[in-house]
Amino acid sequence: MSGDFFVNINHTVRTPTKPRRLVQRLLLALCALTLCAPAWAQKVNVCYDFNCKTRQVIHLTPAEWRSVVGWFRPAAPDAAVERQQIRQAIGWMEVVVGRHTPTHRDKGLNLEKRPEFPGQLDCIDESLNTTAYLIAFQQHGYLSWHRVVGRAYRQGGFDAHWAAQIEEVPSGERFVVDSWFQDNGMLPFVEASTEWQDLRHARVLFYQPAD
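Here the sequence shown is numbered in our numbering, starting from 1301 and rising by one per residue.
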């Protein structure tokens, strides 16, 4: 007998009602979505090996993504606290991404290019990756006091340099988020963009954020 019919105890043939058919179809659709759902929670584009020579798409698992965005909980009460949350989240994001790429080998500053040891990042790689992470945070609603803007650029005492940049929503003041000075996974340098333009190399290396 066709699956579209069923027999009651009096052997009377009845056709399922439309609501019943609708429920069956919804259940089938839900099962299909569950089976086809990706096992990852966040896709991120990253690059490394100087000037973004190597590009890679990373798929973070739900647990990995939660471990990163957990730094934004509880929600920041002001912009200064959110900048510290951003530092923590970016640092940990680098650790997580390093599990999927050779970037876990990255050392602070630009070291000599060694093809046999891939994973080193220059300031172009760092600024683009950090911007990608910040955009992901913003798209998921974790940034309440800042928005992501174009990268900052300067040319001075130690050659041209790029850094990711955010803008404080209430004031419009801009801040750099610069991971280039530290090894992979260490907290990035965050400072007002106007201050960053005039920073000496030594001051950045020994940077300590204000409480």
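Backbone N, C-alpha and C fix where the C-beta goes; we use that ideal spot for every residue, glycine too.
In the DSSP assignment, Phe-1475 forms a beta bridge with Ile-1466, Ala-1492. DSSP, reduced to helix, strand and coil, places Gly-1370 within a helical segment of the structure shown. For the pair Asn-1484 and Asn-1429, the Cα-to-Cα distance works out to about 12 Å. Pairing Met-1486 with Tyr-1433 gives a Cβ-Cβ distance that is not under 8 Å. Cys-1423 sits in a helix when the DSSP states are folded into three classes.
Spanning the alpha carbons of Ala-1436 and Ala-1341 requires a straight line of approximately 11 Å. Annotated three-state conformation of Gln-1438 is helix, per DSSP. Taking His-1446 as reference, the option from Phe-1417, Pro-1374, Glu-1473, Cys-1423 with the minimal CA-CA separation is Glu-1473. Each of Val-1397, Gly-1441, Arg-1355, Ala-1452 was checked against the Cα of Val-1490, and the nearest Cα belongs to Ala-1452.
For Thr-1430, the three-state secondary structure derived from DSSP is helix.
Annotation for Arg-1387: the continuous alpha helix (DSSP H) segment containing it runs 1379-1398. Assignment of Ala-1363 by DSSP, reduced to helix, strand and coil, places it in the helix class. The C-alpha of His-1461 lies about 19 Å from the C-alpha of Gly-1419. Distance from the CA atom of Cys-1352 to the CA atom of Ser-1427, rounded to whole angstroms, is 10 Å. Around the beta carbon of Phe-1417, fewer than 16 other beta carbons sit within 10 angstroms, so the residue counts as exposed.
Contact check for Val-1449 against Glu-1468 fails: the beta carbons are separated by 8 Å or more. In this structure, Gln-1482 lies near Gly-1408, with their beta-carbon atoms less than 8 Å apart. For the options Gln-1356, Asp-1349, Thr-1403, the alpha carbon positioned closest to that of Lys-1343 is the one of Gln-1356. Counting along the chain, Lys-1343 sits inside the beta strand (DSSP E) bounded by residues 1342-1348. Annotated three-state conformation of Thr-1354 is strand, per DSSP.
Looking at the DSSP output, His-1446 sits in a beta bridge with Glu-1468. Checking the DSSP bridge columns, you'll see His-1461 partnered with Arg-1454.
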